[in-house]
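A.B. asks:
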Amino acid sequence: MASTTSAPELEADALEQLRGDFRGDIVEPADPTYDELRGVFNGMFDRRPRVILRPAGAADVIRGIGLARTSGLPLAIRGGGHSVAGFSSVDDGIVLDLRAMRGIRVDPQRKTVRVQAGLNWGELDRETQAFGLGVTGGRVTTTGIVGFTTGTGSGWLERKFGFAADNVLSADVVTADGEVVTASEDENQELLWGLKGGGGNFGVVTEMEFRLNPLTPIVYGGLAAFPPDKGPEVVRAWRDLSNESDDVGWAVANVTAPPLSFVPEEWHGKHVVAVLGMIAGAHDQAEKVMKPLRALGPVFDLWQPMPYTMVQTLIDPANPYGRQNYWRAHNIDDLDDSVIDTFLEAGASRPSPFTAVIMLNGGGAIGRVGENDTAISGRKSPFNFHLNGMWEDPAATDENIAWVKSISKALAPHISEGISLNFATEIGDDALKESFGAKKVERLRALKDRYDPANVFRMNQNIKPTG
Ligand SMILES: Cc1cc2nc3c(=O)[nH]c(=O)nc-3n(C[C@H](O)[C@H](O)[C@H](O)COP(=O)(O)OP(=O)(O)OC[C@H]3O[C@@H](n4cnc5c(N)ncnc54)[C@H](O)[C@@H]3O)c2cc1C
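Numbering-wise, the sequence shown is residues 223 to 689 according to the numbering used here.
1) Out of Glu407, Val470, Glu412, which one is the CA nearest neighbour of Glu431?
2) Are there any heavy atoms of ligand 1 lying less than 6 angstroms away from the beta-carbon of Arg300, as far as the coordinates show?
3) I need the straight-line Cα distance from Arg667 to Pro480, nearest angstrom please.
4) Can you tell me the Cα-Cα spacing of Leu536 and Ala281, whole angstroms?
5) Which residues share a DSSP beta bridge with Trp525?
6) With a threshold of 6 angstroms, establish whether the CB of Gly569 neighbours any heavy atom of ligand 1.
7) How long is the line joining the alpha carbons of Ala473 and Asp243, rounded to whole angstroms?
8) Cβ of Gly246 versus every heavy atom of ligand 1: is any distance shorter than 6 angstroms?
9) Is it true that the CB of Val306 sits closer than 7 angstroms to the CB of Asn342?
10) Can you find at least 3 beta carbon pairs, one from the region 394 to 406 and one from the region 658 to 666, that sit closer than 8 angstroms?
11) Assign Pro436 to one of three DSSP states: helix, strand, or coil.
12) Helix, strand or coil for Lys662, going by three-state DSSP, please let me know.
13) Taking buried to mean at least 16 other C-beta atoms within 10 Å of its own C-beta, is Asp674 buried or exposed?
14) So, are the CB atoms of Asn606 and Leu582 less than 7 angstroms apart?
15) Is Arg276 near ligand 1, with its Cβ less than 6 angstroms from a heavy atom?
16) What separation, rounded to the nearest whole angstrom, lies between the Cα atoms of Thr564 and Ile623?
17) Check whether the region 548 to 565 and the region 384 to 392 touch, using three or more Cβ-Cβ pairs below 8 angstroms as the test.
18) Does DSSP put Ala447 in a helix, in a strand, or in coil?
19) Name the two residues that bound the continuous alpha helix (DSSP H) containing Thr577.
20) Would you kindly check if the distance between the Cβ of Asn553 and the Cβ of Lys641 is under 7 angstroms?
21) Please state if the CB of Val495 and the CB of Pro454 are separated by a distance shorter than 7 angstroms.
22) Could you tell me the distance, in whole angstroms, from the CA atom of Asn684 to the CA atom of Ala646?
23) Give a single yes or no on whether Thr374 has its beta carbon closer than 6 angstroms to a heavy atom of ligand 1.
24) Just curious, the alpha helix (DSSP H) that Trp625 is in, first and last residue?
25) Have a look at Val328, Glu345, Gly499, Arg272 and flag the residue whose alpha-carbon is nearest the alpha-carbon of Gly377.
26) Spatial neighbours of Tyr530 within its chain, please: C-beta separation below 8 angstroms, excluding the five flanking residues on both sides.
27) Quick check on Ser483: buried or exposed, where buried means 16 or more other Cβ atoms within 10 Å of its Cβ?
28) Look at Glu380 and Ile637 and say whether their C-beta atoms are less than 7 angstroms apart.
29) Rounded C-beta distance between Arg291 and Ala447? I'm assuming under 8 angstroms.
30) Give the straight-line distance between the Cα atoms of Glu648 and Asp469, rounded to the nearest whole angstrom.
31) Which word fits Lys382, buried or exposed, when buried means at least 16 other C-beta atoms lie within 10 angstroms of its C-beta?
32) Figure out for me which residue from Phe522, Leu633, Lys627, Met266 has the closest Cα to the Cα of Pro486.
33) Using a Cβ-based criterion (distance less than 6 angstroms to any ligand heavy atom), does Gly499 qualify as near ligand 1?
34) List the endpoints of the continuous alpha helix (DSSP H) containing Gly611.
35) Exposed or buried, Asn594, counting other C-beta atoms within 10 Å across all chains shown (16 or more means buried)?
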C-alpha cells in the first residue's frame with residue numbers, strides 16, 4: 223500500500239541498505255531484545271527509538287552516523303547509559319549503542335590502557351588492576367568510560383591522579399561527516415582539548431587511550447555511618463581532614479541506612495550521615511585520618527583495607543537502573559556553618575529515601591592542572607555539593623524535582639563557577655556558561671563549527687554551532 227508521506231519509506235530503504243553493510247546488530251521495535259536495549263539508567267527517559275544500531279567497530283559507527291545524517295533522524299550515542307539527562311535515548315530516532323565494542327589492552331611498560339567505547343569502569347578497573355595500575359574512574363562501576371571522561375570524569379582518585387579527562391592521551395573519533403580522526407598531543411590537539419570536558423559534541427569516540435598510574439590493589443576504603451544528631455561534628459571533621467593528603471578521596475552524604483546485616487536493626491531505613499570513599503595511600507596514615515571521625519561514634523564502620531575494585535562497587539547497590547532521577551551539582555568554595563546547616567537540613571527533608579545529598583572533596587591533582595589546559599573549569603573549588611534526587615513513583619516527580627530546586631536555591635550564595643555537567647538532569651545555555659565560563663564556551667563553539675556544523679551530535683550538553 224502506498225504511504226501517505228515519503229519519509230518512512232525512505233527510511234525503510236535506508237535501513238535495508240544499511241543491513242547489507244553493517245557488521246553489528248540492527249535492532250527494531252519488534253525484535254525481542256529491543257526493550258532491554260532501549261533502557262537507560264534514568265527511568266524518567268522511557269524512550270522508544272526507531273532503531274538501535276549496535277556497531278561492531280569504527281566502520282559501523284561511520285555507517286550509523288551516515289544514516290542519521292541522510293535521514294535527518296535525531297541521533298543518540300549510548301555507552302554506559304548513565305546520562306542523568308537522558309542523552310543516550312531518543313524517541314523516534316537512532317540510538318548508536320556502542321556496548322558491543324569491548325576491546326581493551328593494557329600496556330604495562332608504557333603504563334597505558336587503550337579501550338573501546340563499549341566498556342564500563344568496572345571492566346576497565348578489573349583489567350588495569352591485574353597489572354597494579356589504575357586511573358580515576360566512576361564511583362559506580364556500570365558508568366560508561368567515554369561519556370564519563372568527556373564530561374570530566376570525577377572519581378575517588380581525582381585528588382591523586384586528576385580527573386579521568388586529565389589522563390586521556392588520545393582518542394579516535396568519527397566526526398559528523400564520517401571522517402575518522404585521532405586527537406592527541408601530536409595531531410588535532412584542539413579536539414583533544416575539547417574532549418576533555420566538552421562532552422559528546424564533536425563526534426563518536428571509538429577508542430580512548432589513558433595514562434595509567436601505579437595503584438596498589440589494596441587501598442583503605444569503606445563507608446561509616448553516623449546518627450544525624452552528630453551531623454555537624456561529622457561534617458566539620460570531614461571538611462577539616464579533606465585536605466590531609468592527595469590520597470584522601472571521599473564524600474560525606476545524607477543517605478538512608480539499608481536493611482543489611484552490617485547495619486544495626488534499629489537503624490534500618492533511617493537517615494544517617496555517612497562518610498565513604500577511599501584513602502589510597504599507606505594504611506597506617508589512613509587510620510590516622512579516620513581516627514577523629516571514629517571518635518565520634520559511628521553506627522557502623524566498614525572502613526578497612528580492601529581491594530580497590532571493591533571500593534569501586536560500594537555504592538552500586540544504591541544506584542540501580544530504572545528509578546526516576548533528577549540531579550544537580552554545584553561547586554562550593556567555602557564550607558561554612560550555613561552550608562553545613564543547609565546540607566543537614568536537606569538530608570532530613572529528603573522526600574524520597576533513595577535520594578542522596580552528598581559533598582565531595584576536590585582539589586589536589588585536579589587543581590594543579592592549568593585552567594586552560596582542558597575545557598573543564600572550576601578546578602580550584604575545594605568542595606562539590608551534589609543533590610541526587612531519586613525516587614520510584616513517577617507520580618512523585620513534581621515534588622522531588624521541586625525539592626532539589628529548593629535546596630539548590632538555598633545554596634545559591636555559596637555556589638562558584640564550573641561544575642561538571644555529568645551530574646545535571648537539566649542543561650540549558652546558562653548551565654553551559656556556569657560550567658565552562660563564557661570564554662571556553664566560545665572556544666568549544668569554534669570546535670563544534672569545525673567538526674559538527676550541522677549539530678548532528680546534539681543529544682548532549684549541547685554547544686550549538688554558529689550557523
Ligand atoms: C549512578 C551514576 C553514577 C555516576 N557517577 C559519576 C561519577 O562518579 N563521576 C562522574 O564524573 N560522573 C558520574 N556520573 C555521571 C556520568 O559520568 C555521566 O552521566 C556520563 O555521561 C555517563 O556516561 P555513559 O557512557 O554511562 O552514559 P551514556 O548515557 O551512555 O552517554 C551519555 C552521553 O555521553 C556521550 N558519549 C557516551 N559515549 C560516547 C562516545 N563513545 N563518543 C562520544 N560521546 C559519547 C554522549 O553525548 C552520550 O549521550 C554518574 C552517573 C550515574 C547515573
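Backbone N, C-alpha and C define an ideal beta-carbon position, used for all residues, glycine too.
C.D. replies: According to the structure shown:
1) Glu407
2) yes
3) 45 angstroms
4) 37 angstroms
5) DSSP output for Trp525 lists no bridge partner at all.
6) no
7) 48 angstroms
8) no
9) no
10) no
11) strand
12) helix
13) buried
14) yes
15) no
16) 17 angstroms
17) no
18) strand
19) Element bounds for Thr577: n/a, residue is neither H nor E.
20) Rather than Lys, the amino acid found at residue 641 in this sequence is Ile. Closer than 7 angstroms, so yes.
21) no
22) 13 angstroms
23) yes
24) 619 to 633
25) Gly499
26) Asp347, Gln351, Gly356, Leu437, Thr438, Pro439, Ile440, Val441, Gly443, Met500, Ala502
27) exposed
28) no
29) Wrong, their Cβ atoms sit about 51 angstroms apart, outside the cutoff.
30) 33 angstroms
31) buried
32) Phe522
33) no
34) Segment 605 to 613 is the beta strand (DSSP E) holding Gly611; no alpha helix (DSSP H) there.
35) exposed
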